[in-house]
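The numbering of the sequence shown is UniProt numbering, which starts it at 1 and goes up by one.
Written out below as structure tokens is the structure these notes cover.
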Amino acid sequence: MLFIIVLKRWSVLCESGGQCDEGWDEFGDKCFKYHNDMVGANFHDAMTVCEHFYGATLVTIHSAQEFDFIYKMVFEEKHAKHPVWIGLIRVSNESFVWFDRSPLNYTNWGPNQPYNLLSKCYCTVLNSVAAVRGKWYDVGCTITYLVLCQKYLHHNTDNEGINQTSNGISIADQINMVLGDVESANNRFIYQQFNALAFKTNAFIILNVILITILFVIFVLFIVKYNYRSLFIRRKHQTNDNFSLFANNSD
Numbered sequence: 001m002l003f004i005i006v007l008k009r010w011s012v013l014c015e016s017g018g019q020c021d022e023g024w025d026e027f028g029d030k031c032f033k034y035h036n037d038m039v040g041a042n043f044h045d046a047m048t049v050c051e052h053f054y055g056a057t058l059v060t061i062h063s064a065q066e067f068d069f070i071y072k073m074v075f076e077e078k079h080a081k082h083p084v085w086i087g088l089i090r091v092s093n094e095s096f097v098w099f100d101r102s103p104l105n106y107t108n109w110g111p112n113q114p115y116n117l118l119s120k121c122y123c124t125v126l127n128s129v130a131a132v133r134g135k136w137y138d139v140g141c142t143i144t145y146l147v148l149c150q151k152y153l154h155h156n157t158d159n160e161g162i163n164q165t166s167n168g169i170s171i172a173d174q175i176n177m178v179l180g181d182v183e184s185a186n187n188r189f190i191y192q193q194f195n196a197l198a199f200k201t202n203a204f205i206i207l208n209v210i211l212i213t214i215l216f217v218i219f220v221l222f223i224v225k226y227n228y229r230s231l232f233i234r235r236k237h238q239t240n241d242n243f244s245l246f247a248n249n250s251d
């Protein structure tokens, strides 16, 4: 089931109009800022950090060249030792979108990803483990990871506030609402799966009870039949013995 995101495509723009501010790294039409805080943040707080500290958003990646630039900046120049948030979120079991609704025209998933462990992995990070460093992994949104922010170089012709969409709601708050809707839908899915599993389990238990009952009845009938036969044989032997004794006495 595909969930519709209410976010309008939105971009944060560098005020300089052509060059990145000091402390930012430039690639293409974007400026990037690695938030050097080893404590990190969950996904929602990471969005808030980018908005309120830098007037920016979490990074979106649209080409192999852009990914290579980000990889070198984060893992080789900044020496990040932990996973790094990117702005990709799950909107259904099989679908991901960039939070700003920009085209999902490039991905770099790790092995067996996206995995959606326990149906709780709605957000995405760049992995920091050496064997899969830079690969995309879906993760829970409440886990703490490092923050990478971005701005666009061109002028803001729409004159929209850097922290709000056109409907006046904070980008971070809209992301939170979207994730809440997705989580509710996934919780409903889990509930349905649980009910289906419970039904199958109950049916299995009932069938086993019926089978055990049938076997028990067969066993009881066998015992009764065996005892009846044994009793019949004993009585027959007793009758024959009495007859033999009577015959001997007659002689």
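Glycine included, every Cβ here is placed at the ideal spot set by N, Cα and C.
Everything numeric in this text was worked out from a predicted model, so none of it was measured.
The beta strand (DSSP E) enclosing residue 66, as first and last residue numbers: Counting along the chain, residue 66 sits inside no beta strand (DSSP E); it lies in the alpha helix (DSSP H) bounded by residues 64-71.
Taking the C-alpha atoms as reference points, what is the distance between residue 150 and residue 199? Distance from the CA atom of residue 150 to the CA atom of residue 199, rounded to whole angstroms, is 49 Å.
Report the option in 132, 125 and 219 whose CA atom is closest to the CA atom of residue 147. Residue 125 is the option with its Cα nearest to residue 147.
Other residues of its chain near residue 142: CB distance less than 8 Å, five sequence neighbours each side excluded: These residues qualify, in order along the chain: 42 and 43.
Write down the C-beta distance between residue 32 and residue 70 rounded to the nearest angstrom, noting that I regard them as a contact closer than 8 Å. Residue 32 to residue 70, Cβ: 7 Å. Contact.
C-beta contact flag for residue 145 and residue 82 at 8 Å: Less than 8 Å divides the Cβ of residue 145 from the Cβ of residue 82.
Residue 76 vs residue 27 beta-carbon contact at 8 Å: In this structure, residue 27 does not lie closer than 8 Å to residue 76 by Cβ.
Between the C-alpha atoms of residue 136 and residue 127, what's the straight-line distance to the nearest angstrom? Near 6 Å, if we compare the C-alpha coordinates of residue 127 and residue 136.
If I follow the unbroken alpha helix (DSSP H) through residue 53, where does it start and stop? 43-54 is the span of the alpha helix (DSSP H), which, as asked, contains residue 53.
Using only CA atoms, which one of 116, 110 and 102 lies nearest to residue 131? Here the closest residue by C-alpha is 110.
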